[in-house]
Structures are given as structure tokens and as C-alpha cells.
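All remarks here apply to the structure that follows.
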């Protein structure tokens, strides 16, 4: 008999094999054929983090309209405006929304850094955005990692 985490791992991996962006909740819903419990959701999120840590995908928080066709929208009031966690290998989503990335390995750093630089360029070229976000600068993930490593050594 397989454990719940093994089952969720297999379900998320097979969903990622067929789609670029996978809703963790929707995958559970489809697998269980019912609304998942809080315990099942928590276990699935741990599995998703493990997949992201292994470099298989990026764990990202998306609003339903950002996620597209696979968006999971619970039926509760106001749920359409709430972000959910997704696993994605879609480079465009990662580059467009680098600040929503929850977890990614070094394998994805260059892509996230490129997205952060594009975001900074958009902010600088838009007078309204630059007024709302004065002094916002993108710090590349690779640079952050190097600083953290230096701080740990000293």
C-alpha cells in the first residue's frame, strides 16, 4: 500500500507531464473526486515543495486569471480573487511574475533573474508604476545567494 504523499507525488508528476502549469488543489480534486481536506492539501503542498526543491518545476503563487485554464477557483465567496499555489515549468509565467515564485532551485535562477530585470524595465518605463514603486530594484537570485553564502562564511 502506498502512502498519501507517494500518491500525491505521482499525481502531481503525471499532471506536470501533460500540462506546463498545474494547480495543486485541482490535481487533488481530480484525483480524489471530491473536495480535499486541509490535511490532504498540506500534504500535497509538502510534496509540491519537494518537487520544486528537486528542480522539477517552480512553485509559484498565482491568481486564477494568471493561471489560465487550469485555475482552481473554490466556490467560496471571494475565492476568485485569491491566489493559489501552482507547479509550473512555463517559462513565460515565471518570467512575467518572478516576484510570485515561492520556491525554485538554482536551475531556474537565470530565468527568474531575467524576469526580474524585465519587471524593473517595465516599472522604470511606466511613469505611473515608477511613482507607486519608487526605488524598486530587482536583486538577482544568484546575487542574493552569493551574499547569503558570504554572510554564512564570515
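Residue numbers (the working numbering): 12 to 165. Every residue gets a Cβ at the ideal spot worked out from N, C-alpha and C, and that includes glycine. None of the values given here were measured: they were computed from a predicted structure.
Coil, strand or helix - residue 154 by DSSP:
helix
Give the DSSP bridge partners of residue 71, in chain order.
97 and 112
For residue 34, which residues does DSSP report across the bridge?
97.
According to DSSP, simplified to helix, strand and coil, what is residue 138?
In the structure shown, residue 138 adopts helical secondary structure according to DSSP, grouped into three states.
How do the region 51–70 and the region 127–135 stand: do at least 3 beta-carbon pairs fall below 8 Å, yes or no?
no
Give the DSSP-derived three-state secondary structure of residue 39 in the structure shown.
helix
CA-CA distance, residue 160 and residue 94?
Whole-angstrom Cα-Cα distance: 32 Å.
Under the assumption that residue 32 contacts residue 104 (Cβ atoms under 8 Å), give the Cβ distance between them as a whole number of angstroms.
6 Å
If the criterion is Cβ atoms closer than 8 Å, does the pair residue 19 and residue 54 meet it?
yes
If you draw a straight line from the C-alpha of residue 138 to the C-alpha of residue 148, how long is it?
15 Å
Classify residue 12: buried if its beta carbon has 16 or more other beta carbons within 10 angstroms, exposed otherwise.
Its pLDDT being 47, under 50, residue 12 is placed unreliably by the model, and the measurement read from it follows with that caveat. Per the 10 Å Cβ criterion, exposed.
Contacts around residue 202, its chain only, beta-carbon distance under 7 Å, and the 5 residues preceding and following it disregarded
With the chain covering 12 to 165 only, the question about residue 202 has no answer from this structure.
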